[in-house]
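Below is one structure, written out as C-alpha cells, with a few remarks after it.
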Amino acid sequence: MTDTIDTRPSADDVNELAAEAATPGSLFDRLGGTYGIAGAVDILVDRLFANVAVNANEAVHAHHGVAANAPGYKFLVTAWSIEAAGGPKCYPGEDMVAAHDGLHIDTKGFDAVYKEIAATLSFLDVPEAEHAEFMALIEKHRPEVVDGVHLA
Numbered sequence: 018m019t020d021t022i023d024t025r026p027s028a029d030d031v032n033e034l035a036a037e038a039a040t041p042g043s044l045f046d047r048l049g050g051t052y053g054i055a056g057a058v059d060i061l062v063d064r065l066f067a068n069v070a071v072n073a074n075e076a077v078h079a080h081h082g083v084a085a086n087a088p089g090y091k092f093l094v095t096a097w098s099i100e101a102a103g104g105p106k107c108y109p110g111e112d113m114v115a116a117h118d119g120l121h122i123d124t125k126g127f128d129a130v131y132k133e134i135a136a137t138l139s140f141l142d143v144p145e146a147e148h149a150e151f152m153a154l155i156e157k158h159r160p161e162v163v164d165g166v167h168l169a
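Counting from 1, position 135 in the sequence shown corresponds to residue 152 in this note's numbering; the numbering is continuous, with no gaps.
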C-alpha cells in the first residue's frame, strides 16, 4: 500500500501566493487584501442592487432586479477590484467597455454608482488616502463605462 501525497494547495498556500503577487504597500494590501476587498464588495453590491438612482436605468435594473445575479456580480467586482488595486491577476471578465456595452450608462448613472462606492468605503472607515486612491481608479474608468464617451 502506498501513501498518497496531497499536492493540492491549501488555503494558506493560496494566501501566500496572493500576498507575493501583490506589490508591497499596494492599495490591494492597504485595503486588506482579498478578504478586505471581498467584504467591501459584498456590502457594495447589496447597496447597488437596492439603490434607486442606480436602478433608474432600465438595463441596469434588469440585471440588478434578479437576485440570483448578485453572487456572480460580487465575484466579478471583487476580482476586478483586486486587480485594479494592484493585487494578483484574477479578473476573468470582459474589459470595461465590453462589460458595460448595451447598458446605456450615462453620467448620472455613473455618478450614482460612484457615490455608492464612496459611501461604502466611508461606511467601512477606509482611511482617506486609500479611499481617495480607490475612487481615482474608479474615475479613471468613467470614459470606458459611460455610454458613448469611449467612442468620442
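Idealized CB from N, CA, C, for every residue including glycine.
Owing to the predicted nature of the structure, the values given are computational and were not obtained by experimental measurement.
Per-residue burial, residue i [other beta carbons within 10 Å of its own, 16 or more giving buried]
| i | result |
| --- | --- |
| residue 215 | The requested residue 215 does not occur in the structure, where the chain is confined to residues 18 to 169. |
| residue 140 | exposed |
| residue 22 | exposed |
| residue 157 | exposed |
| residue 42 | exposed |
| residue 50 | buried |
| residue 58 | buried |
| residue 130 | buried |
| residue 82 | exposed |
| residue 104 | buried |
| residue 89 | exposed |
Whole-Å CB distance - residue i paired with residue j, under 8 Å assumed
| i | j | result |
| --- | --- | --- |
| residue 48 | residue 133 | No, residue 48 and residue 133 are not in contact; Cβ-Cβ is about 17 Å, not under 8 Å. |
| residue 91 | residue 62 | 5 Å |
Worksheet item: Is the stretch 68 to 85 close to the stretch 140 to 151, with three or more CB pairs under 8 Å?
Response: no
Discussion item. For the stretch 50 to 58 against the stretch 96 to 112, do three or more pairs of beta-carbon atoms, one drawn from each stretch, fall closer than 8 Å, so that the two count as touching?
Written reply: Yes, the stretch 50 to 58 is in contact with the stretch 96 to 112.
Fill in: Unbroken stretches of the alpha helix (DSSP H), 4 residues or longer, contained in the stretch 60 to 105
75 to 81, 87 to 101
Discussion item. Could you check whether the stretch 152 to 165 touches the stretch 115 to 131, counting it as contact only if at least three pairs of C-beta atoms, one from each stretch, sit closer than 8 Å?
Written reply: yes
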